[in-house]
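Heads up, the thing below is written out as structure tokens.
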Amino acid sequence: MSAPSVLFDAPGPRARRRHAVLTVIGLLLVAGILAAVALKFKAEGQLESSLWTSLVTGEVWSFYILPGLVKTLEAAAISIVLAMVFGIVFGMGRLSQVRVVRWVSGVVVEFFRAVPVLLMMYFTFRYYSDNGVFRNDVNPLAAVVTALTLYNGSVIAELVRSGVYSLPKGQKEAGLSIGLTPSQTLRSIQLPQALTAMLPALVGQLVVILKDTALGTAVLYPELLQAARDIGTSYSNPIPAYLFIALIFILINYALTVVAGRVETRLRRRGGGPRRGAAVTGVAGAGTVDAPTDGVAGQGVYTGDASSR
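Counting in the UniProt record's numbering, the sequence shown runs from 1 upward without gaps.
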């Protein structure tokens, strides 16, 4: 028998009936909305079989979908690698014992985390084009990768910092007790465990990177969203094309989540993860464990209670 919840009382018979009725009403509302959308599509002729069958022809896949998918995965892969490097470097910078390094890292992270990704794409694309930094055919890819790296790398830097703060205080003390310096303890003991602890949040950020490659259409990058536009223009089926591309995005993101979940499970079975209870959460409070103040955006990002460890 499970322990009773301290947050709310278990619902009684009348409450359960009320919940069941509300659930049925909610499902009926959702079904009604979907039916209305389907009827609207039918009235506009968007449910004609010819509009959908064209999406599975070899011509559409060869000239539109596959090239767009390759470009999307290319931009996402490069951005993921660079964002991971950026995040680890600046995340460790915010954990540095040197105040100047912490302050500079904090300014960089907070600045790029606050700037919209699309604005960074516009700015970098114009800068690369006007100054001939790359070839004209490479400028869109460079702009997309730069913007995704700076923004998502800043978010990953905060994940690294919160992952380190979520570890028990004894991890750092153990490293210092065997003669390691604080920097060596961070690199050899705390960071590997923090990477495992923050893996679920990290996977969510990787999914964001993959989805945000669709913003590249604003700087003429030929990714999947641009492919959907081209298909809709060529075959006069924009709604089916967009829905089909959305399905492809969903499948890719789901596959990425499944793979990451299996990696996390394997790491925890090997004992590579932190102890239970060391979750990455929120914004730092008074209970932050050994959180150095960098003067930028407060202190730490872990809301645990140091006295309970």
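Virtual Cβ for every residue (Gly too), placed ideally from N, Cα, C. Since the structure is predicted, the reported quantities are computational estimates derived from the model, not experimental observations.
Residue i classed as buried or exposed, judged by whether at least 16 other C-beta atoms fall within 10 angstroms
i, result
"I209", "buried"
"T72", "buried"
"R16", "exposed"
"P274", "Residue confidence is low: P274 scores 47 on pLDDT, short of 50, so the model does not pin down where it sits. Its coordinate-derived value is still stated next. P274 comes out buried."
"Q184", "exposed"
"N237", "buried"
"T233", "exposed"
"T181", "exposed"
"P240", "buried"
"G304", "Residue confidence is low: G304 scores 40 on pLDDT, short of 50, so the model does not pin down where it sits. No coordinate-derived value is stated."
"A36", "exposed"
"V60", "buried"
"G45", "exposed"
"T23", "exposed"
"I231", "buried"
"V100", "exposed"
"V21", "exposed"
Cβ-Cβ distance between residue i and residue j below 7 Å
i, j, result
"L206", "I80", "yes"
"G106", "R161", "no"
"Y128", "N139", "yes"
"T213", "A75", "yes"
"G261", "V144", "no"
"Y242", "S54", "no"
"R102", "S154", "no"
"I189", "G179", "no"
"Y151", "V117", "yes"
"F41", "L47", "yes"
Member of the options whose CA lies at the smallest distance from the CA of residue i
i, options, result
"Y165", "I178, Q226, T265 and S96", "S96"
"M198", "A43, G106, M84 and L159", "L159"
"residue 313", "R161, I178, L22 and L141", "With the chain represented from 1 up to 309, any question about residue 313 goes unanswered, as that position is not in the structure."
"I245", "A260, R262 and Q226", "Q226"
"P200", "T57, T265, L119 and E59", "T265"
"I156", "R135, N139, I248 and A194", "A194"
"L82", "L148, T257 and V258", "L148"
"R94", "G26, Y151 and V108", "V108"
"I65", "G26, E223, A174 and S50", "E223"
"I78", "K42, T57 and T146", "T146"
"Y221", "T196, A31, F125 and L51", "F125"
Inset, instruction - List in chain order: all unbroken alpha helix (DSSP H) runs of 4+ residues lying wholly within the stretch 32 to 117. - result: For the stretch 32 to 117, whole alpha helix (DSSP H) runs of length 4 or above, ordered along the chain, are 49 to 53, 66 to 94 and 99 to 114.
Inset, instruction - Any chance you could list the alpha helix (DSSP H) runs of at least 4 consecutive residues sitting entirely within the stretch 188 to 243, in chain order? - result: Unbroken alpha helix (DSSP H) runs of no fewer than 4 residues, entirely contained in the stretch 188 to 243, are found at 191 to 197, 199 to 212 and 224 to 235, following chain order.
Legend entry - alpha helix (DSSP H) runs wholly inside the stretch 138 to 177, at least 4 long, in chain order: Taking only runs of at least 4 residues, the alpha helix (DSSP H) segments lying wholly in the stretch 138 to 177 are 139 to 165 and 169 to 177.
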